[in-house]
Amino acid sequence: RRRNKLESLKSIQGTLVFYESPFRVEKFLAELNDLFPDRQVVLARELTKKFEEFLRGKPAELLEIAKKRPLKGEFVVLLSGAQ
């Protein structure tokens with residue numbers, strides 16, 4: 007169901023913003039890698055908190071980071087729009 011919704015967003019030119027839990031963020035990055043492999047993604051973790059962090063790259067790059075270390079906290083995921 008989520009994948010179908012993501013597919014319907016492919017033609018949107020603006021930046022897409024999602025909220026994702028740490029329990030689903032790796033799966034979400036895998037879906038973004040399948041559907042939007044060439045787009046830029048920003049993972050914003052723990053916004054406005056002590057451990058705020060930003061990770062930038064293509065979905066595959068961020069997926070590799072997610073597999074190497076546990077991703078904790080709340081995530082805002084920014085996906086660049088269609089060209």
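Going by our numbering, the first residue of the sequence shown is number 7, and it counts up by one from there. Beta carbons are placed, not taken as given, at the ideal position from N, Cα and C, and that holds for glycine.
Residue 65, buried or exposed, once every other Cβ within 10 Å from all chains shown has been counted against 16: buried
Continuous beta strand (DSSP E) assignments of at least 3 residues falling wholly in the segment 23–51: 47–51
With a cut-off of 8 Å on the beta carbons, I'd call residue 2 and residue 41 a contact; round off their distance for me. An answer regarding residue 2 cannot be provided, because it is not within the stretch 7 to 89 covered by the chain.
Tell me, which residues are paired with residue 84 by DSSP? 23, 48
Taking Cβ positions only, does residue 87 come closer than 8 Å to chain B? This model lacks chain B altogether; it includes just one protein chain.
One question on the structure: do residue 85 and residue 49 come within less than 8 Å of each other, judged by their Cβ atoms? no
Buried or exposed: which applies to residue 88, given that a residue is buried once 16 or more other Cβ atoms fall within 10 Å of its Cβ? exposed
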